[in-house]
Amino acid sequence: MHATLPLLAATDFPPIRRRLLDTLQVNLGYKCNQSCLHCHVAASPQRTEMMDAGHAGLVLEILRARGISTLDLTGGAPELSPHFRELVCGARALGVRVIDRCNLTILSEPGQDDLAAFLAAQGVEVTASLPCYSPARVDRQRGDGVFDRSIAGLRQLNALGYGQDGSSLVLNLVYNPQGASLPPPQGELHADYKRELLQHFSIRFNHLFALTYMPVQRFGSTLVSKGTFASYMQLLRGAYEAENLDTVMCRSMVSVDWQGDLYDCDFNQMLGLHARLGDIEHPHLRDLLTHDPDDEDIRIADHCYGCTAGQGSSCSGALEPSEPQESVLKFAPTRIR
10 MHATLPLLAA TDFPPIRRRL LDTLQVNLGY KCNQSCLHCH VAASPQRTEM
60 MDAGHAGLVL EILRARGIST LDLTGGAPEL SPHFRELVCG ARALGVRVID
110 RCNLTILSEP GQDDLAAFLA AQGVEVTASL PCYSPARVDR QRGDGVFDRS
160 IAGLRQLNAL GYGQDGSSLV LNLVYNPQGA SLPPPQGELH ADYKRELLQH
210 FSIRFNHLFA LTYMPVQRFG STLVSKGTFA SYMQLLRGAY EAENLDTVMC
260 RSMVSVDWQG DLYDCDFNQM LGLHARLGDI EHPHLRDLLT HDPDDEDIRI
310 ADHCYGCTAG QGSSCSGALE PSEPQESVLK FAPTRIR
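This is the structure we're talking about:
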C-alpha cells in the first residue's frame, strides 16, 4: 500500500485550534466483516488490532471525569469488539449519547442476532453506511450481496422503531461518492434516499450524511496507483470554503485509536499524526485525566482540504446542509424486492 503522508505533509491549510471537547471518538479496532475499496482505515476480516479491556475501562473513566457528552464508536466494525456492549452500557449509564458507526451487514453476522435489539434497548444512535440506494453500485463498492444484507439490516432497525416518526431512536445513513469526486449537495441526496428507500423497500431514516473521501490509506493508495492523487488534491483545494473552518469536527472532538493514543480526527489517526496535548509527544487517553485538550493547536496536513471542500464534510455529514431539491443523481433503476 502506498504511503500518502509524504504527499500531504507540506500544506498551506490555515491553522485551527480545538474549542471545548464534547466528543470522544473511539476506534475499537480495525477488524471488520467487510473489506471495502474506499475504507480509510483499511479494515478487513484479517485485521487483528482490537482495544483491550483496560483501555475500554479507561474510556469510561475519561467520559466520567471530563463530563464528555458524546461517545462515538467506530472501527472496523466496532460491534466486533468484545468490549463494545460494556462500553455502550457504561456510557449510557452516565447519560452519555452513544453513536454506533454501523455497516449494517454486521447485524446478520453469526453471534449478532440480538445486536439490533441491544442497540434499541440502550437508545444508541445508529449511523449506518449505505453508499448508494442502487444495488449494483453498493455491491460493486462493497462486495456481492452487501446491498441485500444492508436493506435487511435497515428493516430490522425500522421494526424496532429506528427512523420512525415519533421515535427517539435515531437512524442516520451515510453516502459516499463512487470515486474521486465531491458528493452532490447533501439536501438533494437526502430527498433522493428518502424517496427511493421508502418507495422500493419501505425503509425510513432520520438524516443522510454526505462524506468526502480522504486521500489516506486504501483510497489514497488507489489514487496513487492510478496516477490521480494530484488531480484529486487539486479538486479538494479548488473547492475550499473558508466558512467551513468554523464547524469542522476536530474543533470539538478527540479521536482515540485501539491502543489509546490520541489524534485530532480519524484521518490523522490513519496518518500517524498524534494530537497535541501540552508538551506530551504522543498523548494517550490516560493523559486526558491530567491535561486539558481545549484550545490546543490541531495537527493539519493537505488532507484537511477534504473537510472544507464545497459543502464541507465531517462525521456528521455536510457542514452546511442544503435544502432538499429535485434529484441530481441519475442511477440505474433500483431493483425492487
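FYI, in the numbering used here the residues of the sequence shown are 10 to 346.
In this text, a Cβ means the ideal position worked out from N, Cα and C, and glycines have one as well.
All figures in this text were calculated on a predicted structure; none of them were measured in a lab.
CB contact flag (residue i, residue j, <8 Å)
| i | j | result |
| --- | --- | --- |
| Q278 | N36 | yes |
| R308 | L282 | yes |
| N181 | F214 | yes |
| A219 | Y184 | yes |
| L191 | Y202 | no |
| H291 | D306 | no |
| D208 | T114 | The sequence as given places Gln at residue 208; Asp does not occur at that position. Contact: no. |
C-alpha gap between residue i and residue j, whole angstroms
| i | j | result |
| --- | --- | --- |
| V349 | P140 | In the structure as shown, the chain starts at 10 and stops at 346, and residue 349 therefore has no counterpart that could be examined. |
| P24 | V50 | 25 Å |
| G315 | Y222 | 7 Å |
| M355 | H293 | Absent from the model: residue 355. The displayed extent of the chain is 10 to 346, so no value can be given. |
| A125 | F210 | 19 Å |
| C259 | R26 | 8 Å |
| S138 | D123 | 20 Å |
| S234 | P15 | 15 Å |
| F93 | G99 | 10 Å |
| H199 | P186 | 14 Å |
| V263 | H312 | 17 Å |
| K40 | R56 | 5 Å |
| I289 | D273 | 14 Å |
Beta-carbon proximity list for residue i, same chain, < 7 Å, skipping 5 on both sides
| i | result |
| --- | --- |
| L232 | A189, P224, F238, Y241 |
| L29 | S261, D303 |
| R246 | Y314 |
| T317 | Y249, E250, N253, L254, V257 |
Neighbourhood of residue i by C-beta distance below 8 Å, restricted to the same chain and skipping five residues each side
| i | result |
| --- | --- |
| I212 | I160, L163, R164, N167, G172, L206 |
| T83 | Q34, V35, N36, L37, R110, D275 |
| L103 | L69, L72, R73 |
| Q226 | M10, T13, C48, H49, V50, A51, M279 |
| P342 | Confidence at P342 is low in this model, with a pLDDT of 30, below 50, so its placement is unreliable and no value can be given for it. |
Assumed close pair residue i, residue j - CB separation to whole angstroms, cut-off 8 Å
| i | j | result |
| --- | --- | --- |
| T32 | S177 | With a Cβ gap of about 20 Å, T32 and S177 do not count as contacting. |
| V97 | T79 | With 8 Å as the limit, V97 and T79 do not qualify as a contact, their Cβ atoms being about 13 Å apart. |
| A351 | L17 | Since the first and last residues shown for the chain are 10 and 346, residue 351 lies out of range. |
| A248 | G319 | 5 Å |
Beta bridge counterpart(s) of residue i as assigned by DSSP
| i | result |
| --- | --- |
| N181 | T136, H216 |
| L297 | DSSP, once it has assigned bridges, lists no residue as partnering L297. |
| A318 | Y249 |
| S44 | According to DSSP, which records beta bridges pairwise, S44 is partnered with nothing at all. |
| R272 | A small fix is needed here, since residue 272 is Tyr in this sequence, not Arg. Y272 is bridged to S264, H283. |
| Q34 | D81, S264 |
| I307 | None; I307 has no bridge partner. |
| C111 | A137 |
| S53 | K40 |
Heavy atom of the ligand HEM within 7 Å of residue i beta-carbon
| i | result |
| --- | --- |
| F214 | As far as ligands go, the structure on display features none, and thus does not contain the ligand HEM. |
Own chain residues within Cβ distance below 6 Å of residue i, not counting five before or after
| i | result |
| --- | --- |
| E134 | I108, V179 |
| Y65 | Correcting the residue type first, residue 65 is Ala in the shown sequence and not Tyr. So the list reads H92, L96, once near-sequence residues are dropped. |
| I77 | L33 |
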